[in-house]
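Q: If you read the sequence shown in the numbering used here, its first letter stands for residue 4, the second for the next number, and so on.
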Amino acid sequence: MGFVGVKDIAEKIRSKPKREVIITNPKIFSLDYVPERIYLRRELDEVIKSVRNYLSLGVPEHIIVYGSKGSGKTVSLKFLLRAIREGYKNVLTVYINCRNTNTEYKVYKAILGRAVSALNARDKVIRKLKSKKAIIVLDDIEALIKPADLLFILSRETNAQMIISATNIYWYKNLQDEAVKSSLLPQQIVFKQYNPEEISKILLMRAQEGLARYDEGIINLIAALVARDYQSDVRIAIRALYHIAKNNDWNGDAVREYVELASREVDLYTINTLSDTNLIVLYSALREKTTSRAYKIAKAIIRRIYPHSTLSKRTYFKAINYLQALGLLLKIQVKAKGRYTYEIELLVDRDIVERAFKERFREFLGSSGDEDTKERSSIYDWRIHGNTLEIEIACPRTEIESIISRNITREDIRFIALTREGDILAKIPKNRYNKEWLEEQLEKFKK
Ligand SMILES: Nc1ncnc2c1ncn2[C@@H]1O[C@H](COP(=O)(O)OP(=O)(O)O)[C@@H](O)[C@H]1O
Ligand SMILES: [Mg+2]
4 MGFVGVKDIA EKIRSKPKRE VIITNPKIFS LDYVPERIYL RRELDEVIKS VRNYLSLGVP
64 EHIIVYGSKG SGKTVSLKFL LRAIREGYKN VLTVYINCRN TNTEYKVYKA ILGRAVSALN
124 ARDKVIRKLK SKKAIIVLDD IEALIKPADL LFILSRETNA QMIISATNIY WYKNLQDEAV
184 KSSLLPQQIV FKQYNPEEIS KILLMRAQEG LARYDEGIIN LIAALVARDY QSDVRIAIRA
244 LYHIAKNNDW NGDAVREYVE LASREVDLYT INTLSDTNLI VLYSALREKT TSRAYKIAKA
304 IIRRIYPHST LSKRTYFKAI NYLQALGLLL KIQVKAKGRY TYEIELLVDR DIVERAFKER
364 FREFLGSSGD EDTKERSSIY DWRIHGNTLE IEIACPRTEI ESIISRNITR EDIRFIALTR
424 EGDILAKIPK NRYNKEWLEE QLEKFKK
C-alpha cells in the first residue's frame, strides 16, 4: 500500500464514495411522460383503424378503451392525438383528463380552449364541432360527474368522434341512460394486460432514452415481477427502474424491494390525487369492514369537515366503485345473518391511506379552527338550467349559506346540493336572483 501521511488519510476520509450518475434524463421516468416512440399494442391498431375511417368518411364511430391502470391507455391516446395533429392540421384534437376536468361545463371550456360563460358554452361547443372534424379524448371517464348529458350532446348534436377510456370494463354497461347509449353506440376495445416481454420492451425503451447504462437481466426481472404481482402496471415497473438506476443498485436480490417501493409510491400518488369525498370514503374503510358501518363513518367525517353537508348512500357507493376501479379496494359480497352485505378489502397499505388522509385534513381534524375557508372558496361555475340559476361554489356549506342569506332570502333557495366535497350547488329560481349581485360575487370570488 505504500507510505501515506496524515493528510492523505484525511483526504481519504473526506472524499465521498463516487456514485456513478446513471440517469441522464430523469423526466423520462415521470409518470406522465409521453415518449417519442411507443410500443404499439395490437388493440391500438383497432382504434387507429376507426380514426382513419372517421377522417376519411366523417362519420364518427365512438370508442371506449378499457384497461387496468398502467396498461397504456393514456400514453396511447395522447400519442395518437399527437400523430393526428401532425398529419391533419385541420382536424381539431382535444385531450381531456376527466380527473381534473370533471364536469360537463369544464369539458366545454376545454373544447373551446378558453373561458366562456356557462350560459352559452354548450351552444358554442355545438357550433364549433359542427364546423370541422374533431376527435375528443375523454380519459378516465369514471371521474366525470354526471357524464350522461355531456355524452348525449356530443354524440347527438355534433359530428365529433369520441375516444373514451375507462378502467372498469362494465362502465358502459352500468351506464343508466338509455338515450345516451343509443346515440353513443361505441365500439368497445379492451387493452389486455401486458405480458412480461411487453413490459421489458417498454422498460428497455425508457432505459435507452434515459440511462447511461443498465442491465437487461434486471429489466426482465422487474417486468416478470410486475406482470405476476402487480397486474402489469407499467407505472410501477418504470418507477422501480428509476429507483434502481438512481441507487445504481443492479443486484437481483434487491429488485423485489424496489418494485415494492415503486408500488407504494404509485399508490400514494393515486391517493393524493383523489377528491376529498373519495379520500374520506377510502379512509372510512380503514375503520370499518362492512360498507354499512364504513358509510356511517364517512358520513360523520364529511359532516365534521363540511358542517351541515351530508353524504348520500348513492354517492358513497359511487365512490366505492370508483375506488375499486382504481384498484385501491375490493368490494366483496358476503352473507351475514341470512342477508347480503358488502365487505371492503383494502388493496393498499393502511399507512399510506392514513398518512394521506391526515395530511389533507389536518386543519379540520386538529383543534385549530378553519381560518383558511376563505381561501378555499371560489365560484367556479354558474349556468341557467331550466328556470333555475345554478352556482357551483367550492367552499364549505356554512360559507355559501352566509353568502346567500346576505343577499337572497332563504325561501328563494329551492335546493342546495352537494356536488363534490364542499362544492355546493345552489339552485335559485330565475326570477329571484339579482344579476348585479351575482356578478359582484363572481368578481369577489374569482381569482
Ligand atoms: N405501449 C407503451 N409504450 C410506451 N410506454 C408505455 C406503453 N404503455 C404504457 N407505457 C408507460 O407506462 C406508464 C403507464 O401508462 P399509462 O398510459 O399512464 O397507463 P393508463 O393510462 O392505462 O393507466 C406511462 O408512463 C406510459 O408512458
Ligand atoms: Mg391513464
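Just so you know, even glycine gets a beta-carbon here, dropped at the ideal spot from N, CA and C. Bear in mind that the values here come from a model prediction, so they are computed numbers and not experimental data.
1) In the DSSP assignment, find the unbroken beta strand (DSSP E) run with D142 in it and report its ends.
2) At a cut-off of 7 Å, is I241 close to ligand 1 when judged by its beta-carbon and the heavy atoms of the ligand?
3) Hey, could you find the ends of the alpha helix (DSSP H) I308 is sitting in?
4) Taking the beta carbon of A303 as the centre, do at least 16 other beta carbons fall within 10 Å, making it buried, or is it exposed?
5) With 16 as the cutoff for other CB atoms within 10 Å, does E200 come out buried or exposed?
6) Under a Cβ-count criterion, where at least 16 other Cβ atoms within 10 Å of its own Cβ denotes burial, should E366 be classed as buried or exposed?
7) Does the distance from the C-beta atom of I172 to that of V193 stay below 8 Å?
8) May I ask you to check if the CB of S458 is nearer than 7 Å to at least one heavy atom of ligand 1?
9) S59 lies in the alpha helix (DSSP H); which residues open and close that run?
10) Roughly how many whole angstroms lie between the Cα atoms of V351 and T273?
11) Run through the region 100 to 138 for me and flag every whole alpha helix (DSSP H) of 4 or more residues, listed as ranges in chain order.
12) Taking 7 Å as the cut-off, is the C-beta of P63 nearer than that to any heavy atom in ligand 1?
13) In this structure, how does DSSP classify T161 when only helix, strand and coil are distinguished?
14) Can you give the Cα-Cα distance for K321 and N275, rounded to whole angstroms?
15) Compare the beta carbon distance of M208 and Y42 with 8 Å and say whether it is the shorter of the two.
16) Would you mind sorting K76 into buried or exposed? The rule is 16 or more other CB atoms within 10 Å of its CB.
17) Please list the segments of the alpha helix (DSSP H) lying wholly inside the region 211 to 256, counting only runs of 4 or more residues, in order along the chain.
18) Identify the continuous beta strand (DSSP E) that holds Q336 and give its terminal residues.
19) Does any heavy atom of ligand 2 sit closer than 7 Å to the C-beta of D232?
20) Does the Cβ-Cβ distance between L269 and R306 come in under 8 Å?
21) Which word fits S158, buried or exposed, when buried means at least 16 other C-beta atoms lie within 10 angstroms of its C-beta?
22) CB F73 to CB V237, shorter than 8 Å?
23) How is the beta strand (DSSP E) around Y69 delimited, first residue to last?
24) Since L80 and D142 are thought to touch, with beta carbons under 8 Å apart, how far apart are those beta carbons, to the nearest angstrom?
25) Say yes only if the C-beta of T104 is nearer than 7 Å to one or more non-hydrogen atoms of ligand 2, and no if none qualify.
26) Is it the case that the CB of S79 approaches a heavy atom of ligand 1 more closely than 7 Å?
27) Just curious, the beta strand (DSSP E) that L349 is in, first and last residue?
28) Sorted by chain position, which residues of the same chain lie with C-beta nearer than 6 Å to Y197's C-beta, five sequence neighbours on each side aside?
29) When every heavy atom of ligand 2 is checked, does at least one fall within less than 7 Å of the C-beta of D152?
30) Using only the alpha-carbon positions, how far apart do V50 and R88 sit?
31) Pull up the DSSP beta-bridge partners for T96, would you.
32) Hey, would you say the C-beta of D142 is under 7 Å away from at least one heavy atom of ligand 2?
33) Which of the three DSSP states, helix, strand or coil, is assigned to F6?
34) With a 10 Å radius around its C-beta and 16 neighbouring C-beta atoms as the bar for buried, classify N251 as buried or exposed.
35) Can you check DSSP and say which residues form a bridge with I166?
36) Can you list, in chain order, the residues of its chain with a C-beta nearer than 8 Å to that of K135? Leave out the 5 residues immediately preceding and following it.
A: Well, looking at it:
1) Counting from 1 along the sequence shown, the entry for residue 142 is found at position 139. That run of the beta strand (DSSP E) goes 137 to 142.
2) Locating residue 241 in the sequence shown gives position 238, counting from the first residue. I241: yes, Cβ under 7 Å from ligand 1.
3) Taking the first residue of the sequence shown as position 1, residue 308 is located at position 305. Taken as a continuous stretch (DSSP letters only), the alpha helix (DSSP H) holding I308 covers 294 to 308.
4) Position 300 of the sequence shown, counted from the first residue, corresponds to residue 303. With fewer than 16 other Cβ atoms within 10 Å, it is exposed.
5) Translated into positions along the sequence shown, residue 200 becomes position 197. Result: exposed.
6) On the sequence shown, residue 366 is found 363 positions in, with the first residue counted as 1. Exposed, because fewer than 16 other Cβ atoms sit within 10 Å of the Cβ of E366.
7) As a first step, residue 172 is located in the sequence shown; it is residue number 169 there, counting from the start. As a first step, residue 193 is located in the sequence shown; it is residue number 190 there, counting from the start. In this structure, V193 lies closer than 8 Å to I172 by Cβ.
8) The chain is shown only over 4 to 450; residue 458 falls outside these bounds and no answer can be derived.
9) For the purposes of this step, residue 59 is taken as the residue at position 56 of the sequence shown. Start and end: 45 to 60.
10) As a working mapping, residue 351 is identified with position 348 in the sequence shown. As a working mapping, residue 273 is identified with position 270 in the sequence shown. If you draw a straight line from the Cα of V351 to the Cα of T273, it comes to about 11 Å.
11) Within the region 100 to 138, the complete alpha helix (DSSP H) runs of at least 4 residues are 107 to 115, 124 to 134.
12) Position 60 of the sequence shown, counted from the start, is the residue given in the question as residue 63. Taking non-hydrogen atoms of ligand 1 into account, the C-beta of P63 is found less than 7 Å away from none of them.
13) Along the sequence shown, read from residue 1 onward, the residue named residue 161 stands at position 158. T161 sits in coil when the DSSP states are folded into three classes, being neither helix nor strand.
14) Here residue 321 corresponds to residue number 318 of the sequence shown, with the count starting at 1. Here residue 275 corresponds to residue number 272 of the sequence shown, with the count starting at 1. Linking K321 to N275 through their CA atoms gives a straight-line distance of about 19 Å.
15) Residue 208 sits at position 205 when you count from the first residue of the sequence shown. Residue 42 sits at position 39 when you count from the first residue of the sequence shown. Yes; because the gap between Cβ atoms is below 8 Å, this pair is in contact.
16) Here residue 76 refers to the residue found at position 73 when the sequence shown is read from its first residue. K76 is buried by the Cβ-count criterion.
17) The region 211 to 256 contains these whole alpha helix (DSSP H) runs: 219 to 232, 237 to 250.
18) Position 333 of the sequence shown holds residue 336. DSSP places Q336 inside the beta strand (DSSP E), whose first and last residues are 332 to 339.
19) On the sequence shown, residue 232 is found 229 positions in, with the first residue counted as 1. Incorrect: D232 has no Cβ contact closer than 7 Å to ligand 2.
20) Within the sequence shown, residue 269 is the residue found at index 266, counting from 1. Within the sequence shown, residue 306 is the residue found at index 303, counting from 1. Note that residue 269 corresponds to Val in the displayed sequence, not to Leu. Judged by their CB atoms, V269 and R306 are not nearer to each other than the 8 Å cut-off.
21) Counting from one through the sequence shown, the residue named residue 158 turns up at place 155. Burial call: buried.
22) The count along the sequence shown starts at 1 and reaches residue 73 at position 70. The count along the sequence shown starts at 1 and reaches residue 237 at position 234. The identity of residue 73 in the sequence shown is Gly, whereas the question assumes Phe. Taking C-beta atoms as the reference points, G73 and V237 count as a pair closer than 8 Å.
23) On the sequence shown, position 66 is the one that residue 69 refers to. That run of the beta strand (DSSP E) goes 66 to 69.
24) Residue numbering aside, residue 80 sits at position 77 when the sequence shown is read from its first letter. Residue numbering aside, residue 142 sits at position 139 when the sequence shown is read from its first letter. Your pair L80 and D142 checks out as a contact, with CB atoms roughly 6 Å apart and the cut at 8 Å.
25) Residue numbering aside, residue 104 sits at position 101 when the sequence shown is read from its first letter. Taking non-hydrogen atoms of ligand 2 into account, the C-beta of T104 is found less than 7 Å away from none of them.
26) One-based indexing of the sequence shown puts residue 79 at position 76. Yes.
27) Here residue 349 refers to the residue found at position 346 of the sequence shown. Residues 342 to 349.
28) Taking the sequence shown and counting its residues from 1, the one referred to as residue 197 is at position 194. Short of 6 Å from the beta carbon of Y197, and not among the five residues preceding or following it, lie these beta carbons of its own chain, in chain order: S235.
29) For this step, residue 152 is matched to residue 149 along the sequence shown. The closest heavy atom of ligand 2 lies 7 Å or more from the beta carbon of D152.
30) Residue numbering aside, residue 50 sits at position 47 when the sequence shown is read from its first letter. Residue numbering aside, residue 88 sits at position 85 when the sequence shown is read from its first letter. Going from the Cα of V50 to the Cα of R88 covers about 16 Å.
31) For the purposes of this step, residue 96 is identified with residue 93 of the sequence shown, where counting begins at 1. Answer by DSSP bridge pairing, in chain order: I138.
32) If you number the sequence shown from 1, residue 142 lands on position 139. At least one heavy atom of ligand 2 falls within 7 Å of the beta-carbon of D142.
33) In the sequence shown, counting from the first residue as 1, residue 6 sits at position 3. Coil.
34) Counting from one through the sequence shown, the residue named residue 251 turns up at place 248. It counts as exposed.
35) Taking the first residue of the sequence shown as position 1, residue 166 is located at position 163. According to DSSP, I166 bridges with I66, V140.
36) Here residue 135 corresponds to residue number 132 of the sequence shown, with the count starting at 1. Contacts found: N93, V94, L95.
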